[in-house]
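Just below is one structure, and these are the notes that go with it.
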Amino acid sequence: MTGRPARGDDLPRLDASRLRALPARVGRPDYDLASVRIGIVHLGAGAFHRAHQAPCIDRLLASEPDWAICAVSLHSTEVREALRPQDGLYTLALQAEPPQWRAIGSIREVLCAADEGAAVLARLAGPQVRIVTLTVTEKGYCLSGGELDLAHPDIQHDLAEPAQPRSVIGWLVAGLRLRRERGLGAYTVASCDNLANNGRL
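If you count the sequence shown from 1, you need to add 60 to reach my numbering.
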């Protein structure tokens, strides 16, 4: 998934201004990028999210424009540095027969919590946001024996400095706390990771 082809590096980089110039064989968003609104914050903006969840939302936005995505990396700036110059756009390649390509436009904002914490909190506390999804791998939940590991360094930090979280749990709690202070309802949290007993009620 990239804005650049595997070959032909002389081609211009993908961005919103070049969508209409894409070859006919490349699918593209069938909605106005500027008209959709962010309703989902996704924590852990890795390749799995960009290959699965984001394309599903991309298909939805034509009929439900309130569900665009703010993608947040917790630590690395790599995704932000790749996608922000491309207006959040990237190309999904399906290894079908024949091959299929589609420019995905559902990610309308890209943030890194490590150096844009205030912006992440502002987005989590925004009244338009109703769902927070996660793909942070099992390690990212700071669990031990199926329970929150209170001895984990990131959890220890978040308990001491709740307004400046490091862990995904800390970010969820900080966002919910700010929403409560502002009189807003909670968001729905959906873990999309492959965890033991994930989703069991």
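All C-beta atoms, glycine included, are put in the ideal place defined by N, C-alpha and C.
- Taking C-alpha positions only, residue 205 is separated from residue 93 by approximately 44 Å.
- Counting other Cβ atoms within 10 Å of its Cβ, residue 243 stays below 16 and is therefore classed as exposed.
- Closest in alpha carbon position to residue 102, among 194, 215, 186 and 115, is 194.
- By the beta-carbon neighbour count (other beta carbons within 10 angstroms, threshold 16), residue 109 is buried.
- Burial of residue 134 is indicated by the presence of at least 16 other C-beta atoms within 10 angstroms of its C-beta.
- Closest by C-alpha distance to residue 199, out of 188, 187, 215 and 191, is 215.
- At the C-beta level, residue 231 and residue 173 come within 8 Å of one another.
- Residue pairing from DSSP leaves residue 113 without any beta-bridge partner.
- Taking all protein chains shown into account, residue 168 has 16 or more neighbouring C-beta atoms within 10 Å of its C-beta and is therefore buried.
- For residue 162, there is no enclosing alpha helix (DSSP H); the residue is found in the beta strand (DSSP E) stretching over 160 to 164.
- Secondary structure of residue 77 (DSSP, three-state): helix.
- Under the three-state reduction of DSSP output, residue 96 falls in the coil class, being neither helix nor strand.
- According to the DSSP assignment, residue 153 belongs to the beta strand (DSSP E) that extends over 150 to 154.
- In the DSSP assignment, residue 180 falls within the alpha helix (DSSP H) that extends over 177 to 184.
- The C-beta of residue 240 has fewer than 16 other C-beta atoms within 10 Å across all chains shown, which makes the residue exposed.
- Annotation for residue 168: the continuous beta strand (DSSP E) segment containing it runs 167 to 172.
- Within the model, the alpha-carbon separation for residue 111 versus residue 257 is close to 23 Å.
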